[in-house]
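Peer 1: For the sequence shown, the working numbering begins at -18 and goes up steadily by one.
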Amino acid sequence: MSLTLNDIGRIAQLARLELDAPQRERLLGQLNGFFDIVEQMKAVDTTGVQPLAHPTAVMQDVALRLRPDEVTEPDQREANQASAPAVERGLFLVPKVIE
-18 MSLTLNDIGR
-8 IAQLARLELD
2 APQRERLLGQ
12 LNGFFDIVEQ
22 MKAVDTTGVQ
32 PLAHPTAVMQ
42 DVALRLRPDE
52 VTEPDQREAN
62 QASAPAVERG
72 LFLVPKVIE
């Protein structure tokens, strides 16, 4: 797939963008370059390759370096809400804006 300058103009119009000629030329090259990469990726034979849920799923010896899921900050809700104009049961109260 390859775009033309007319295509770029139409896309810019739909996006409500005002592009001058050099910007359109630059964008044309960038978008066509992107489509070239997609075409190269589509040319790769992926028959028999299972989709990955996570990229490290194929590496059995790699342990994910994630921090433990534990609370590290103290509860400061009351201190944070002390300057609020209206609070009820730990929730900020705001004026109704939809009728």
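Note that beta-carbon positions come from the ideal geometry of N, C-alpha and C, so glycine has one too.
Fully enclosed by the segment 46 to 72, which alpha helix (DSSP H) runs are 4 residues long or longer?
Peer 2: 58 to 62, all fully within the segment 46 to 72.
Peer 1: Starting from Pro3, trace the alpha helix (DSSP H) both ways and give me its first and last residue.
Peer 2: It spans Ala2 to Lys23 - the alpha helix (DSSP H) in which Pro3 sits, taken as one unbroken run.
Peer 1: Buried or exposed: Ile(-11), going by 16 or more other Cβ atoms within 10 Å of its Cβ?
Peer 2: Buried is the call here.
Peer 1: Can you name, in chain order, every residue of its own chain whose Cβ lies under 7 Å from the Cβ of Val30, other than the five neighbours on each side?
Peer 2: Excluding sequence neighbours, Val30 sits near nothing in its chain.
Peer 1: Give a yes or no on whether the C-beta atoms belonging to Arg5 and Leu(-14) are separated by under 8 Å.
Peer 2: In this structure, Leu(-14) lies closer than 8 Å to Arg5 by Cβ.
Peer 1: Mapping the DSSP letters down to three states, classify Arg(-9) as helix, strand or coil.
Peer 2: Reduced to three states, the DSSP call for Arg(-9) is helix.
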